[in-house]
Every structure is written in C-alpha cells, then in structure tokens.
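Just remember that our numbering sits 9 ahead of the position in the sequence shown, which is counted from 1.
Each residue gets a CB set at the ideal place from its N, CA and C atoms; glycine is no exception.
Right, one structure below, let's go through it.
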Amino acid sequence: MPLSSMGRASMSRALNAAAGDFAHSLRRSLLSELRGACQRGELSLHYQPRVALPDGSPRGAEALLRWTNPVYGEVSPLRFIPLAEASGLILPLGGWVLREAAKEAATWPGGGILSVNVSPRQVEAGVLEAQLDRALAESGLPPERLELELTETLALPDTAEIRSSLARLRQRGVGLALDDFGTGHASLARLRRLPFSSVKLDRLFLGNLPQDAENAAILRAVRQIASALRLKLVAEGVEQPEQRDFLTEIGCEEAQGWLFARAMPAGALRDYWRRAALPAAAARPAPSLAAALPC
Ligand code: C2E
Ligand code: MG
Ligand code: MG
C-alpha cells in the first residue's frame with residue numbers, strides 16, 4: 010500500500026514492524042560478527058582498579074571485555090554480552106576471558122585481586138570449574154588472587170547442583186562476588202545459601218548521596234546485611250567524593266568507580282600499579298569445549 014493512502018494507525022504498525030525487522034537483523038549481524046571477533050583479534054580486556062576505603066589504596070582490578078569491530082566500532086558489553094548469553098557463545102568467550110585475565114594478573118607487580126565477570130550460563134552448563142582450572146594452571150595465578158563475579162541480573166537456579174558447584178569453586182580458594190546487587194532479584198535467601206564472599210552494590214543506589222534519604226537508608230541496610238552474613242561490601246560506580254565519604258562512614262570496605270580510576274588497557278594498568286605501589290598484602294588470605302572454542 011502506498012504510504013500516502015495509509016491511515017495513521019496502519020502507518021504506525023508498518024513503522025513498528027520495520028523497526029522490529031531492523032533490530033532483529035542488526036542482532037543477527039552483530040552476532041555473526043561476534044563469532045569471528047576473537048580470531049580476528051577484535052576482543053581485548055580492560056581493567057578497572059578497585060580500592061580500599063577510606064585511604065584509596067589499590068586492592069586489585071576487574072577485567073572488562075571490550076570489542077572493537079571494523080563495521081560497528083566500539084560495541085558496548087551491555088549490547089554484546091546478552092547476545093553471547095542467548096546464543097551460547099558466552100561459554101567459550103567466558104573461558105577465553107578467564108585465561109587472558111589470569112595470564113595478565115599473574116604479571117602484576119605486588120599481587121592484587123583479579124575480578125572476572127562470569128556468566129551464570131557458565132555455571133549452569135557445568136563448564137566453569139574446568140575453565141577455571143585451565144586458567145589457573147596456564148597462568149600460575151594463585152586461586153586466592155582470583156574473584157569471580159556473578160551478576161544478579163540473570164537468575165541462577167538455586168539448586169543443590171549449582172550450590173555444590175559454587176562451593177567447589179570456593180574450596181579451591183577462589184572468591185565469589187554477587188555483582189549488581191539490588192538490580193535483580195536481591196534475594197536474601199540466595200545471598201545466605203550460596204557461598205558468596207562479597208557483594209557488589211550497584212551504582213543505582215549511589216545517586217545524590219548523602220542527601221537522598223532513601224538511598225542512604227538502603228545502603229545502611231545492605232551494610233548491616235553484609236556484615237551479618239560476613240560478606241565484604243564493595244560499592245561500584247563511585248563518581249563523587251561525597252559518595253566515597255558516605256560509603257566510608259557506613260563501613261563499606263572497598264570501592265570502584267571513575268572517582269578513583271576508569272577501566273584501562275593492561276599496559277596502562279601496569280603503570281597505574283607502579284604509581285600506586287600495590288601492596289603485596291592486598292592478596293586476600295582467606296563438557297569438552299574444544300570444538301566450540303572460537304579462540
Ligand atoms: P559490571 O561487571 O557491573 O561492570 C561495571 C560497569 O560499570 C563497567 O561497564 C564499568 O566500565 C562501568 N563503570 C565503572 N565505574 C563507573 C562509574 O563510576 N560510573 C559509571 N557510569 N560507570 C562505571 P562495562 O565495561 O560497559 O560493562 C558492563 C557490563 O558488562 C559489566 O557490568 C558486566 O556485567 C558485563 N561484562 C563486561 N565484561 C564481561 C565479561 O568478560 N564477561 C561477562 N559475563 N560479562 C561482562
Ligand atoms: Mg562486575
Ligand atoms: Mg556490576
């Protein structure tokens with residue numbers, strides 16, 4: 010039907026359908042590019058330092074995946090990680106991230122904790138333990154220097170099998186953080202039952218501190234819950250000195266955010282370590298994929 014003879018409602022339907030088709034074909038095209046991204050060397054890891062409160066001394070860094078594609082440019086992980094999750098590509102991709110990040114962290118002068126985001130899909134598929142063992146064996150990184158971050162935004166089934174798989178990870182000496190706390194199910198039962206060692210509070214709750222009385226109350230409550238469950242509390246997305254001061258006041262142990270440092274390439278992080286003199290004491294005491302691997 011020619012556009013000129015369409016009514017307002019049919020025009021709107023046609024435009025919505027066209028937008029839906031476009032989004033679908035963009036997702037398909039991005040996914041097809043992502044499949045070859047690793048072999049083409051388009052993937053890299055950046056690292057964002059994490060610091061102790063109140064003094065800001067460095068404690069370690071979180072590995073964050075970056076993808077630069079010749080057609081799409083810099084693609085945000087918020088865009089491509091969900092595609093990788095839905096397609097199953099996250100399984101080999103997650104293994105690659107673990108190996109690369111562990112290799113890099115093994116070279117950090119003075120140690121420091123490496124945090125790596127892992128997908129709940131890696132746990133559910135039963136591949137994470139083998140990926141972890143391979144990354145630790147190849148890099149020589151002591152397990153105590155590694156912390157795995159599991160996001161709360163994707164539900165991980167709370168089954169006996171999942172619980173024992175996570176418990177086995179912890180028995181190796183690896184830390185386990187619940188990431189983005191407060192943005193997903195925020196299930197306290199799960200926080201208690203699963204063997205987490207720390208909880209990362211999402212930056213959603215840091216807005217307008219300390220004036221925002223609701224955010225301030227939520228933060229104080231989460232601090233108490235974390236203490237009761239003997240979990241380390243880490244705040245992410247700290248941008249303002251007032252946020253840092255409030256977090257320090259309520260006893261939040263560690264923080265991450267642009268106020269301290271942005272995510273940076275591995276080489277820049279080594280310079281950052283040299284300038285910040287990472288203390289050695291930062292280390293915390295405390296199915297075959299071969300055919301599917303893209304890297
Ligand atoms: P995340 O694990 O919660 O990482 C924190 C995100 O917040 C990062 O975004 C970081 O660059 C950003 N950020 C840090 N400080 C600030 C701040 O002060 N202000 C603001 N506005 N943002 C800040 P990024 O790198 O875009 O990553 C987004 C998400 O993608 C990550 O959230 C994580 O869930 C996921 N992701 C990244 N790399 C990986 C990976 O290797 N594997 C998996 N499974 N997920 C990953
Ligand atoms: Mg994270
Ligand atoms: Mg997070």
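Is residue i near ligand 2, in the sense that its beta carbon is under 8 Å from a heavy atom of that ligand?
i: K209; result: yes
i: L263; result: One point to set straight first is that residue 263 is Glu, not Leu, in the sequence displayed. False, no ligand heavy atom lies under 8 Å from that Cβ.
i: T160; result: yes
i: E245; result: yes
i: S124; result: yes
i: E71; result: yes
Could you spell out where the alpha helix (DSSP H) holding residue i opens and where it closes?
i: S207; result: S207 -> not in any alpha helix (DSSP H); beta strand (DSSP E) instead, spanning 207-210.
i: L137; result: 137-148
i: A222; result: 222-237
i: A244; result: From DSSP, A244 is part of no alpha helix (DSSP H) but of the beta strand (DSSP E) over 241-245.
i: F255; result: 250-259
i: F89; result: 86-96
i: A309; result: The requested residue 309 is not part of the displayed model; the chain covers only 10 to 304.
i: W282; result: 275-285
i: R201; result: 197-202
Write down the C-beta distance between residue i and residue j rounded to the nearest angstrom, noting that I regard them as a contact closer than 8 Å.
i: I99; j: R130; result: 5 Å
i: A264; j: R271; result: That pair is no contact at about 14 Å.
i: R232; j: L218; result: R232 to L218, Cβ: 13 Å. No contact.
i: L92; j: R36; result: 6 Å
i: P58; j: F269; result: 6 Å
i: S207; j: L240; result: 6 Å
i: A110; j: V125; result: 5 Å
i: T192; j: L62; result: Not confirmed; about 22 Å, so no contact.
i: H55; j: L40; result: So it is not a contact: roughly 22 Å between Cβ atoms.
i: V127; j: E158; result: 7 Å
i: D167; j: R143; result: That pair is no contact at about 27 Å.
i: L175; j: P204; result: 5 Å
i: G121; j: E153; result: With 8 Å as the limit, G121 and E153 do not qualify as a contact, their Cβ atoms being about 11 Å apart.
i: H194; j: A164; result: 6 Å
i: R75; j: S53; result: 5 Å
i: L200; j: L187; result: 6 Å
i: V247; j: L213; result: Rounded, the Cβ-Cβ distance is 13 Å, inconsistent with contact.
Locate the beta strand (DSSP E) running through residue i, then write down its first and last residues.
i: A81; result: It should be pointed out that residue 81 corresponds to Tyr in this sequence rather than to Ala. Premise fails: Y81 is in no beta strand (DSSP E) and is neither H nor E.
i: T160; result: 155-160
i: S124; result: 122-127
i: V60; result: 52-61
i: V106; result: Element bounds for V106: not the beta strand (DSSP E) but the alpha helix (DSSP H), 99-114.
i: E263; result: 263-265
i: A186; result: 184-190
Would you say residue i touches ligand 1, meaning its beta carbon is less than 8 Å from a heavy atom?
i: H194; result: no
i: W267; result: yes
i: G97; result: no
i: L213; result: no
i: L74; result: yes
i: A139; result: no
i: S236; result: no
i: H33; result: no
i: R271; result: yes
i: M128; result: Inspection of the sequence shows that residue 128 is occupied by Ser rather than by Met. S128: yes, Cβ under 8 Å from ligand 1.
i: E42; result: no
i: G148; result: Position check: residue 148 holds Ser in this sequence, whereas Gly was assumed. Flag unset: Cβ of S148 not near ligand 1.
i: S38; result: no
i: S19; result: no
i: P86; result: yes
i: V183; result: no
i: V60; result: no
i: E251; result: no
Report whether the distance from the Cβ of residue i to the nearest heavy atom of ligand 3 is below 8 Å.
i: D142; result: no
i: D188; result: yes
Please tell me whether, using a cut-off of 8 Å, the distance from the CB of residue i to the nearest non-hydrogen atom of ligand 5 is below it.
i: E153; result: Only ligand 1, ligand 2 and ligand 3 can be found as ligands here, which leaves ligand 5 out of the picture.
Check whether chain D comes within 9 Å of residue i, counting only Cβ atoms and requiring the distance to be less than that.
i: N126; result: The structure shown contains no chain D; it holds only a single protein chain.
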